[in-house]
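In what follows, a structure is listed as structure tokens, so that the remarks can point back to it.
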Amino acid sequence: MKLYVTYGSPYARLARMVVVEKGLEGRVEILEAKTRTAGSPYYQINPSGRVPYLVDDAGIGMEDSQLICAYLDSLDGKPRFHRPLRESDWAYRRLEANARSMCEGICVWVREMTRPESERSPTLLAHEVARSERMADLFEARARDPLMEAEPAMAHLTVAVSLDMARKRGPGDLTNGRPQLAAWMRRMSDLPAMRATALP
Numbered sequence: 164m165k166l167y168v169t170y171g172s173p174y175a176r177l178a179r180m181v182v183v184e185k186g187l188e189g190r191v192e193i194l195e196a197k198t199r200t201a202g203s204p205y206y207q208i209n210p211s212g213r214v215p216y217l218v219d220d221a222g223i224g225m226e227d228s229q230l231i232c233a234y235l236d237s238l239d240g241k242p243r244f245h246r247p248l249r250e251s252d253w254a255y256r257r258l259e260a261n262a263r264s265m266c267e268g269i270c271v272w273v274r275e276m277t278r279p280e281s282e283r284s285p286t287l288l289a290h291e292v293a294r295s296e297r298m299a300d301l302f303e304a305r306a307r308d309p310l311m312e313a314e315p316a317m318a319h320l321t322v323a324v325s326l327d328m329a330r331k332r333g334p335g336d337l338t339n340g341r342p343q344l345a346a347w348m349r350r351m352s353d354l355p356a357m358r359a360t361a362l363p
């Protein structure tokens, strides 16, 4: 299989983390895609130009990090990161949705900062900083919740990737002044996949 990524994308990083955590390094070749480049050969592989993009052993391609992560997680018949949906799982699904919202906001902030300074929107940047602070407060309040302390699943990976991206490329270290979230992030940072997929 071939997994097309960019190394700065948190969505591609999630897929790379599942590859590591599931021991799929020997089955999945990681390839860097050239995105946001006119005429990139990558657009012949994935017309949308988005990453991650997985081409399976049959040559069938799929995009969207949630879909790819669920597919990779299911290959051994023992999914770890995508739990079956039961009545009791709505709280977990809400946590996962909150995690994705945080990630999306930080990505918008990072993307806006790559524009020339004259083209940046101060209003948009301020909005996304405020959103990331609110989301960090929410996760600080929930850090000791049994759902947050459970074995890592996609929600946990997404929060960890978001916090790491905010610290390294985004509005700053969102664990500052949030001791419970900082302790939670230290535990997540010990995952082999966090180290193996560290932002360049």
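First residue of the sequence shown? That's 164 in our numbering, and the numbers climb one at a time after it. Ideal Cβ positions, reconstructed from N, Cα and C, are used throughout, including at glycine. Values in this document were obtained by computation on a predicted structure and should not be read as measured data.
Per-residue DSSP class, three states only, for residue 165 | Three-state DSSP puts residue 165 in a strand.
From residue 330 to residue 285, what distance separates their C-alpha atoms?
-> About 20 Å.
Can we say the region 249-266 touches the region 318-326, given the rule of at least three CB pairs closer than 8 Å?
-> Yes, since at least three Cβ pairs between the region 249-266 and the region 318-326 fall closer than 8 Å, the two stretches touch.
With DSSP collapsed to three states, give me the class of residue 337.
-> Under the three-state reduction of DSSP, residue 337 is assigned to coil, being neither helix nor strand.
By a C-beta neighbour count over all protein chains shown, 10 Å radius and 16 as the cutoff for buried, is residue 192 buried or exposed?
-> Exposed, because fewer than 16 other Cβ atoms sit within 10 Å of the Cβ of residue 192.
Could you check how far apart the C-beta atoms of residue 325 and residue 262 are, in whole angstroms? I think they sit under 8 Å.
-> For residue 325 against residue 262, the beta-carbon gap comes to about 7 Å, under 8 Å, which counts as contact.
CB residue 196 to CB residue 222, shorter than 9 Å?
-> Not in contact: residue 196 and residue 222 (Cβ atoms no closer than 9 Å).
Span of the alpha helix (DSSP H), counted from its first residue to its last, around residue 182 | 173-184 is the span of the alpha helix (DSSP H), which, as asked, contains residue 182.
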